[in-house]
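Notes to accompany the following structure.
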Amino acid sequence: MEFDGDTLVIDRTPSELDKMVLEFTEILDEENIEYVVVSGYVAILTGRSRATEDIDIVIERLPQKRTAALADRLRDAGYWGATMPLDDLFDTLSDDVRQRIAEEGMMIPNVELWFVKNEYERAALTDPLIVEVSDHEVAISPLELQIAYKLFLGSEKDFEDAIHLYQVFEGHLDEDRLQTYVAELEVNESYDELRRT
């Protein structure tokens, strides 16, 4: 793994989960849809060994026509709405409900997709970290924001994801930026605990 602060290069054979993410995000790229991958898969992509059933992807808010085009494109690529039909994608996402999308006939793994809805998701969407994997590029949440937000979520698994990211990228993180997110999300105690680990 090579990281220069702007781009992260991961040199490994993609797992089946990686392949799904690369295929799904390639569709988003081809449809010119801004997206960012957040949450647990970010830790997995950067080397944490743990299972996950979903890949969380935030996308820009789209009008109905573009959302329908995305639904058609996903259907043509062999995906289906695992919780709601893809025909209802616009209504589901517009109601700030997440839509699970999986390979046809499967429930897991799935992509949990939603429209951007808060300032932190907007920050991740507008200033993502670009990861190069197997000749593809994937936009993920900035590491500093990901660490702080994982601390904010607060589960044991989230805390372990935050530790992983902090330890793997220590020395490459923008400490001022990280401290700002930690203060805004009011997770100073958790951050101090992380640093002691």
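Here the working numbering = 1-based position in the sequence shown + 1479.
We put the CB at the ideal spot given by N, CA and C, even for glycine.
In this text the structure is predicted, and so the values were computed from the model without any measurement.
Within 8 Å, strictly: CB atoms of residue i and residue j
{"i": "ARG1601", "j": "GLU1591", "result": "no"}
{"i": "ILE1512", "j": "LEU1549", "result": "yes"}
{"i": "ASN1540", "j": "PHE1594", "result": "Here the sequence assigns Arg to residue 1540, which means Asn is not the residue at that position. Their beta carbons are under 8 Å apart, which means ARG1540 touches PHE1594 by this criterion."}
{"i": "GLU1582", "j": "GLY1560", "result": "no"}
{"i": "ALA1522", "j": "ASP1606", "result": "no"}
Where residue i sits in the DSSP three-state scheme
{"i": "ASP1483", "result": "coil"}
{"i": "GLU1611", "result": "strand"}
{"i": "ASP1533", "result": "strand"}
{"i": "LYS1538", "result": "It is Ile, not Lys, that sits at residue 1538 in the sequence shown. If DSSP states are grouped into helix, strand and coil, ILE1538 belongs with the strands."}
{"i": "GLU1616", "result": "strand"}
{"i": "VAL1666", "result": "coil"}
Rounded distance between the beta-carbons of residue j and residue i, thought under 8 Å
{"i": "ILE1489", "j": "VAL1647", "result": "That belief does not hold up - the Cβ atoms of ILE1489 and VAL1647 are roughly 11 Å apart, past 8 Å."}
{"i": "ILE1626", "j": "TYR1645", "result": "6 Å"}
{"i": "GLU1531", "j": "TYR1514", "result": "Correcting the residue type first, residue 1531 is Thr in the shown sequence and not Glu. About 18 Å separates the two Cβ atoms, so there is no contact after all."}
{"i": "VAL1516", "j": "VAL1500", "result": "7 Å"}
{"i": "ILE1534", "j": "PRO1588", "result": "7 Å"}
Pick from the options that is closest to residue i, judged by C-alpha positions
{"i": "ARG1674", "options": "LEU1630, GLU1663, ASP1483 and LYS1636", "result": "LEU1630"}
{"i": "THR1562", "options": "ARG1579, PHE1569 and ARG1554", "result": "ARG1579"}
{"i": "ASP1614", "options": "ASP1497, GLU1649 and GLY1526", "result": "ASP1497"}
{"i": "ASP1570", "options": "GLN1543, ILE1506 and ASP1551", "result": "GLN1543"}
{"i": "THR1676", "options": "ASP1653, GLU1663 and GLU1649", "result": "GLU1649"}
Segments of 4+ residues assigned as alpha helix (DSSP H) that fall wholly inside the region 1545 to 1595: 1568 to 1573
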